[in-house]
Amino acid sequence: MTSISQDRPFIRALVGVGIAAAALVALAPAAQTTPMRQAVIPGCTPAVAGQPNGKQWPTEPAITIDTAAAHTATLETTCGTVTIALDAAAAPRTVNSFAFLAGEGYFDHTRCHRLTTQGIFVLQCGDPTATGMGGPGYKFGDENLAGAVYPAGTVAMANAGPGTNGSQFFLVYRDTQLPPNYTPFGTITEGMDALTTVAGAGVAGGGADGTPVADVVFNAVTTTQG
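Note that the sequence shown covers residues 1175 to 1400 in our numbering.
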């Protein structure tokens, strides 16, 4: 099994497990700030011109969303649009933070930096540095972990251990077994075909965990309430 983390220094293969245990924190290749870009994949298009704004904040934003309302996130990516129903009732701090960052344009022009195709099946995104080391400057606690499972369509936070959520999150494209350590905060309602395209293109270099061959960039990320 592979874990999902931020600050993952390397990948360690595990005998009998298939692929590795590098926390599903974020992917962190050493001394790499801009990953090598790959060829355009059928179903994907070049990114809209622009760079991540890389904004930083010293503290988690105060909750301003209506936690009883319905919330939707729209990820306009170079490989298709993904729509997510956000669960503000179960994960209010997480959804509030995601909505805040989206409203600040924080996710715009960022690349999804990690794809896993063995052991766990996720696309990891939300790091403006595309290295697995980046975040918004603040961290916040875990939510919605009791009985957490990660079937296809789940959207959950990556972390570097308890209480270290920031901006990095992952999209599950195939049922995945993980310990209940990663805050689930949404479910994909449209756009699983985009994830299938990315997963089908594989990992750069032919491995099972690393930079996706498809250049997955968020042209824009928005949220709506109600």
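Even for Gly, the Cβ is constructed at its ideal location relative to N, Cα and C.
Spatial neighbours of G1224 in its chain, beta-carbon cut-off 6 angstroms, leaving aside the 5 residues before and after:
Walking along the sequence shown from the start, residue 1224 turns up at place 50. Same-chain partners within the cutoff: H1283.
Given the structure, does N1339 come close to the ligand ADP, in the sense that its CB is under 7 angstroms from one of the ligand's heavy atoms?
The ligand ADP is not part of the structure shown, which contains no ligands of any sort.
Under the rule that 16 or more other beta-carbon atoms within 10 Å means buried, what is D1240, buried or exposed?
Locating residue 1240 in the sequence shown gives position 66, counting from the first residue. With fewer than 16 other Cβ atoms within 10 Å, it is exposed.
Residue environment, T1398, which counts as buried when at least 16 other CB atoms sit within 10 Å:
The count along the sequence shown starts at 1 and reaches residue 1398 at position 224. The residue in question, T1398, is exposed, as its Cβ has fewer than 16 Cβ neighbours within 10 Å.
For F1392, is the classification buried or exposed, using 16 other Cβ atoms within 10 angstroms of its Cβ as the cut-off for buried?
Walking along the sequence shown from the start, residue 1392 turns up at place 218. Result: buried.
Rounded Cβ spacing between T1257 and T1363 (contact assumed at less than 8 angstroms)
Within the sequence shown, residue 1257 is the residue found at index 83, counting from 1. Within the sequence shown, residue 1363 is the residue found at index 189, counting from 1. Yes, T1257 and T1363 are in contact; Cβ-Cβ is about 5 angstroms, under 8 angstroms.
If you follow the alpha helix (DSSP H) that A1368 is in, where does it begin and where does it stop?
On the sequence shown, residue 1368 is found 194 positions in, with the first residue counted as 1. Element bounds for A1368: 1366-1375.
To which residues of the same chain is N1227 closer than 7 angstroms at the C-beta, ignoring the five residues directly before and after it?
Numbered from its first residue, the sequence shown carries residue 1227 at position 53. G1279, Y1280.
Per DSSP, what kind of secondary structure is A1273 in: helix, strand or coil?
To locate residue 1273, count along the sequence shown from 1; it is residue 99. Helix.
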